[in-house]
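For what it's worth, this note's numbering labels the leading residue of the sequence shown as 7, then goes sequentially.
By construction, the Cβ of each residue, glycine as well, lies at the ideal position given by its N, Cα and C atoms.
Small disclaimer: the values here were computed from a predicted structure and weren't measured.
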Amino acid sequence: MLGRISPLGWRLAIAALSFMARCGAASAQGASPPPAVAVTPVVSRQVTETGDFIGRVTAIDKVDIVARVPGFIEERYFTEGQQVKTGDLLFRIEQATYKAAVEQQRANLAKAKATEVNAALQLGRGKELVSKQNIPQSTVDQRAADEAAAQANVLAAQALLDQAEINLGYTQIRSPIDGRIGIAIFTVGNLVDPSSGKLATIVRQDPIYVIFQASERDVINYKRRVAESADKSPHATVHIQLPNGSAYPHPGLTNLLDIQVDTTTDTVAVRAQVPNPEGLLVPGGVVGVITERGAPQSALVVPQSAVLLDQAGSYVLVVDEAKKVELRRVTTGVEQGREIVVTDGLKEGELVIVEGIQKVHPGQVVTASAVPGN
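(1) Just list the residues that DSSP pairs V216 with in beta bridges.
(2) Count the other CB atoms, across all protein chains shown, that sit within 10 Å of the CB of A156; report buried if there are 16 or more and exposed otherwise.
(3) Between which two residues does the alpha helix (DSSP H) containing A146 stretch?
(4) With a Cβ-Cβ cutoff of 9 Å, do A223 and L95 count as a contact?
(5) Take V347 as the anchor and find which of V232, V324 and S304 has the nearest alpha-carbon.
(6) Exposed or buried, what is I99 when buried is set at 16 or more other beta-carbons lying within 10 Å of its beta-carbon?
(7) Roughly how many whole angstroms lie between the Cα atoms of L315 and V49?
(8) Return helix, strand or coil for R344, following the three-state DSSP convention.
(9) For the beta strand (DSSP E) that R186 lies in, which residues bound it at each end?
(10) Would you decide whether A34 is buried or exposed? Buried here means 16 or more other CB atoms lie within 10 Å of its CB.
(11) Measure the Cβ-Cβ separation of V3 and A220 and say whether it is below 9 Å.
(12) Going by the beta-carbon positions, is the gap between N159 and A118 smaller than 9 Å?
(13) Where in the stretch 215-299 do unbroken runs of the alpha helix (DSSP H), each at least 4 residues long, occur, reported from the N-terminal end onward?
(14) Using only the alpha-carbon positions, how far apart do D268 and I214 sit?
(15) Closest to L323 by C-alpha separation, out of I363, G343 and T349, would be which residue?
(16) Which one of A113, A42, G355 and I265 has the shortest CA to CA distance from L306?
(17) Of the residues I246, I217, Q89 and T103, which one's Cα is nearest the Cα of E171?
(18) Hey, how far is the Cα of A113 from the Cα of N173?
(19) In the DSSP assignment, what residue or residues form a beta bridge with Q211?
(20) Answer with buried or exposed for T271, where buried requires no fewer than 16 other C-beta atoms within 10 angstroms of its C-beta.
(21) Within its chain, find whatever has a CB closer than 8 Å to the CB of D184; leave out the 5 residues flanking it on each side and keep chain order.
(22) Which residues bound the beta strand (DSSP E) around V322?
(23) Taking the alpha-carbon positions, what's the I79 to E122 distance?
(24) For A125, which residues of its own chain have a beta-carbon under 6 Å away from its beta-carbon, when the five flanking residues on both sides are left out?
(25) Figure out for me which residue from V360, T337, E361 and E341 has the closest Cα to the Cα of D350.
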């Protein structure tokens, strides 16, 4: 028959059971499953080498609208910011004074023509009289001179009438180009003249220019590629990156390489013409310019999220056939959207970790699963 267990014995038994429970939990914890990571294979793609530049957007056509005759603005026919066509009426300057000037010059022209007719009649009569020796020859000569002067006066009066009609036409200020008109500097009722400066500005936004600076080395390499190409085309395709980081949907073509180097920057200006149907590119804006360098070539690419950087350089974490993590040093090339070219250190088909990198270390066994969509 067992004896009664003392209180001290109970405490020792409970402590032993607690110790055994902790040991069991630690043993279970040591057998936790390998960490899970997401991997993607190294793939080969056709990649076009590119160059990155900073460009300035410039309007192909830009016109400052000015007054060519003095007068008060009577009417404005446009809404600021609207699209206008060549010949559209923009402003009208008061016309009363200019219409009166036209009428006056018409009267002067009629008077000069009447004088010319009279001078011609007098010359005709003089020729008849001199043939009968009723007037001296000098009188006929004077009448011939009077007729010539009258003809000259008709020409002068006609010129003054033409100028008056031109000035009257200048009271209607029309758009010289298709484009978008900006802020009206002067409103209705203001007195303007040629010295007043611009009344508004019109720019043509589609297509539009993007101008960027390329180094002499870039220009020499570009000319060499053109010489080696089959079609010898001097035009290079450019892609635009908008200030918010998004890609502009319409590629452009270079159409001008400047004829001299800027001595302050040792660069050459390159101009590209780019479609701008939506008006996303605004004159004066700064954009990124990506130029294509040569034909596409096969290259290995991985997601940019897979490439890490430390003091020794770039590296990726590779999962081998034994599900172990391996640190692999790599040499990277150009970026291709969310991917980056790897020129050395990887082989096609190898699996690189893109998610869960912070949970693992080289030599560790992991559970790898493919990235969704791959």
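By the coordinates alone:
(1) On the sequence shown, residue 216 is found 210 positions in, with the first residue counted as 1. According to DSSP, which records beta bridges pairwise, V216 is partnered with V63 and A278.
(2) Translated into positions along the sequence shown, residue 156 becomes position 150. Buried.
(3) On the sequence shown, position 140 is the one that residue 146 refers to. Here residue 146 turns out to be Val, not Ala, going by the sequence shown. That run of the alpha helix (DSSP H) goes Q143 to Y176.
(4) Residue numbering aside, residue 223 sits at position 217 when the sequence shown is read from its first letter. Residue numbering aside, residue 95 sits at position 89 when the sequence shown is read from its first letter. Inspection of the sequence shows that residue 223 is occupied by Arg rather than by Ala. It is not a contact, given that the beta carbons lie outside the stated cut-off.
(5) As a working mapping, residue 347 is identified with position 341 in the sequence shown. That would be S304, whose Cα lies nearest to the Cα of V347.
(6) Here residue 99 refers to the residue found at position 93 of the sequence shown. Label assigned to I99: buried.
(7) Within the sequence shown, residue 315 is the residue found at index 309, counting from 1. Within the sequence shown, residue 49 is the residue found at index 43, counting from 1. Approximately 21 Å, taken between the alpha carbons.
(8) As a first step, residue 344 is located in the sequence shown; it is residue number 338 there, counting from the start. Correct three-state label for R344: coil.
(9) In the sequence shown, the residue the question calls residue 186 occupies position 180. Segment G185 to I187, the beta strand (DSSP E) holding R186.
(10) In the sequence shown, residue 34 corresponds to position 28, counting from 1. Residue confidence is low: A34 scores 45 on pLDDT, short of 50, so the model does not pin down where it sits. No coordinate-derived value is stated.
(11) This structure leaves residue 3 out entirely; the chain is present only between 7 and 380.
(12) Taking the first residue of the sequence shown as 1, we reach residue 159 at position 153. Taking the first residue of the sequence shown as 1, we reach residue 118 at position 112. In contact: N159 and A118 (Cβ atoms closer than 9 Å).
(13) 222-234
(14) The residue you call residue 268 lines up with position 262 of the sequence shown. The residue you call residue 214 lines up with position 208 of the sequence shown. Taking the straight line from one Cα to the other gives about 23 Å.
(15) On the sequence shown, residue 323 is found 317 positions in, with the first residue counted as 1. When only C-alpha atoms are compared, the closest one is I363.
(16) The residue you call residue 306 lines up with position 300 of the sequence shown. If we check each option's Cα against that of L306, G355 comes out closest.
(17) Residue mapping note: residue 171 aligns to position 165 of the sequence shown, counting from 1. Taking only the C-alpha atoms, the option nearest E171 is T103.
(18) To locate residue 113, count along the sequence shown from 1; it is residue 107. To locate residue 173, count along the sequence shown from 1; it is residue 167. Roughly 17 Å separates the two Cα atoms.
(19) Translated into positions along the sequence shown, residue 211 becomes position 205. Answer is none; Q211 lacks a bridge partner.
(20) Here residue 271 refers to the residue found at position 265 of the sequence shown. By the 10 Å Cβ count, T271 comes out exposed.
(21) Counting from one through the sequence shown, the residue named residue 184 turns up at place 178. Only Q89, V90, K91, T92 and R210 meet the Cβ criterion.
(22) Along the sequence shown, read from residue 1 onward, the residue named residue 322 stands at position 316. Its beta strand (DSSP E) spans residues G319 to V325.
(23) Residue 79 sits at position 73 when you count from the first residue of the sequence shown. Residue 122 sits at position 116 when you count from the first residue of the sequence shown. When rounded, the distance between both Cα atoms is 40 Å.
(24) For the purposes of this step, residue 125 is taken as residue 119 along the sequence shown, with counting starting at 1. Here the set comprises D152, E153 and A156.
(25) Within the sequence shown, the letter at position 344 stands for residue 350. It is T337 whose Cα lies nearest to the Cα of D350.
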